[in-house]
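A short worksheet on the structure shown next.
Residue numbers (full-length UniProt numbering): 1 to 412.
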């Protein structure tokens, strides 16, 4: 039988009524002739509660025991979902990560998937099981300890299972009904996309769109897994939600398909840095070792052997960045006149695969922002993305203006 993977997020399994609703959706797919692998998250709010208990018990906790505790939320959901399906006369059983076994690295709380052997679940399908309910977010290390994949790891689990089993599709059920051209809370003209290319979704996910976890999109793109994002609260339909697929599966697309934003950005500038080979490596190696997630980087023209270096990072990592740079300055590895931090900026980006073949997108974006009196502080581009840093107070105006200018409320 063909295999379908269905993943239900925390809000979709938040209580027994919602688990029953999700189970009915699974039953519909079983009736169509699919063997179904269901990936479940912990009930909404449960993981935060478990993390709180760990931190209250042991502020300097053992990461292995942390994983043992926080993975238990998914185990509860998996068991309840399997019981619910059994009550519907659907042959189902629950699977914890170690029973599959989903093999991972030993990096507790941030493990990466190494392998998903298919034999155990496939054998049970052959014996008449129709639904394997798998606890998401978890696996087993080479040492035999429970591991977790980091926040959003259930999305990654679902895509990995779809790849391993050659699933026809991977449906991600959440509390939104698809991927939108921008955040509907900011722009009431935002339109739900029927299809979006992997590359566009990856950019949007990395830029702050919280519909899908970045690692899951990377995995889907690498293995050609068709993803569908849809709401567990809407009426079921074969055309519901948004299909995330290969570029060649999309007949026609707008030049720009989405406007993304990140509110919590900061801009740091090192003034009067020596302009010599290796200086950038010195700076960004120190930041990397301090765990600072650097995004946009701009280096000014050199004057008299000195230059300015600007980069952006999340606002909650500014103190870490300042400490790392001060440390290498004190050690004599870096000399700069001043470090200036601006923690009141936001990043706004336009994304679209159509940029590859059409010019003028940057000019249009900059003209729109200029007409609104919005000053651009930093610019970076890729083949299908243009990002700018602006004052945070203008973020919503920028998103709305760009959405209107590129007519994203209209289909291609």
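Idealized CB from N, CA, C, for every residue including glycine.
Exposed or buried, which one is residue 389 when buried takes at least 16 other CB atoms within 10 Å? buried
Give the straight-line distance between the Cα atoms of residue 85 and residue 60, rounded to the nearest whole angstrom. 40 Å
Taking all protein chains shown into account, decide if residue 138 is buried (16 or more other Cβ within 10 angstroms of its Cβ) or exposed. buried
Give the range of the beta strand (DSSP E) segment to which residue 113 is assigned. 113-115
When 20, 142, 33 are compared against residue 87, the one with the closest alpha-carbon: 20
Quick one: which unbroken beta strand (DSSP E) runs of 3-plus residues sit fully inside the UniProt domain "ACT" (350-412)? Chain order, please. 378-382, 385-391
Runs of alpha helix (DSSP H) lying entirely within the region 68-145, each at least 4 residues, in chain order: 72-87, 119-126
Locate the beta strand (DSSP E) running through residue 266, then write down its first and last residues. 258-274
According to DSSP, simplified to helix, strand and coil, what is residue 196? strand
Would you list the one or two residues that DSSP bridges to residue 231? 174
Which residue comes first and which comes last in the beta strand (DSSP E) that contains residue 6? 3-8
Hey, residue 354 and residue 255 are a contact pair by Cβ (cut 8 Å); roughly how many whole angstroms apart? 4 Å
When burial is assigned at 16 or more other CB atoms within 10 Å of the CB, is residue 81 buried or exposed? buried
Report the CB separation of residue 154 from residue 7 in whole angstroms; it is logged as a contact under 8 Å. 6 Å
Looking only at DSSP bridge pairs, what is residue 314 linked to? 265
Residue 223, DSSP secondary structure in three states: helix
Measuring alpha carbon to alpha carbon, tell me which of 259, 349, 332, 1 ends up nearest residue 442. Outside the shown range of the chain (1 to 412) lies residue 442, about which nothing can therefore be said.
Quick one: what does DSSP say residue 163 is sitting in, helix, strand or coil? helix
To the nearest angstrom, report how far apart residue 392 and residue 91 are at their CA atoms. 53 Å
Hey, could you find the ends of the beta strand (DSSP E) residue 37 is sitting in? 35-40
Considering residue 298, what are the terminal residues of the alpha helix (DSSP H) in which it resides? It is not in any alpha helix (DSSP H) - residue 298 instead sits in the beta strand (DSSP E) that spans 297-299.
Specify the secondary structure class of residue 57 as computed by DSSP and reduced to three states. helix
When DSSP builds the beta bridges, which residues end up paired with residue 182? DSSP lists no partner for residue 182.
Using 10 angstroms around the beta-carbon of residue 365, count the other beta-carbons present and answer buried if the total reaches 16, otherwise exposed. buried
With C-beta atoms as the reference, is residue 193 less than 8 Å away from residue 174? no
C-beta atoms of residue 426 and residue 70 nearer than 8 Å: The chain is shown from 1 up to 412; residue 426 falls before or after that span and cannot be answered.
Name the residue from 207, 299, 329, 34 whose alpha carbon lies nearest to the alpha carbon of residue 125. 34
Segment contact, 8 Å Cβ cut-off, at least three pairs: the region 259-271 with the region 304-316: yes
What's the C-alpha gap between residue 159 and residue 204? 18 Å
Quick one: Cα of residue 275 to Cα of residue 298, how far? 13 Å
Looking only at its chain, what residues have a beta carbon closer than 7 Å to the beta carbon of residue 295, apart from the 5 residues adjacent to it on each side? 312, 313
Decide yes or no for the touch test of the region 285-294 against the region 380-388: beta carbon pairs closer than 8 Å, at least 3 of them. no
With which residues is residue 309 paired in a DSSP beta bridge? 270, 299
Between residue 367 and residue 118, what straight-line distance do the alpha-carbon atoms span, to the nearest angstrom? 54 Å
Which residue or residues does DSSP assign as beta-bridge partners of residue 245? 197
Could you tell me whether the Cβ atoms of residue 43 and residue 9 are closer together than 8 Å? no
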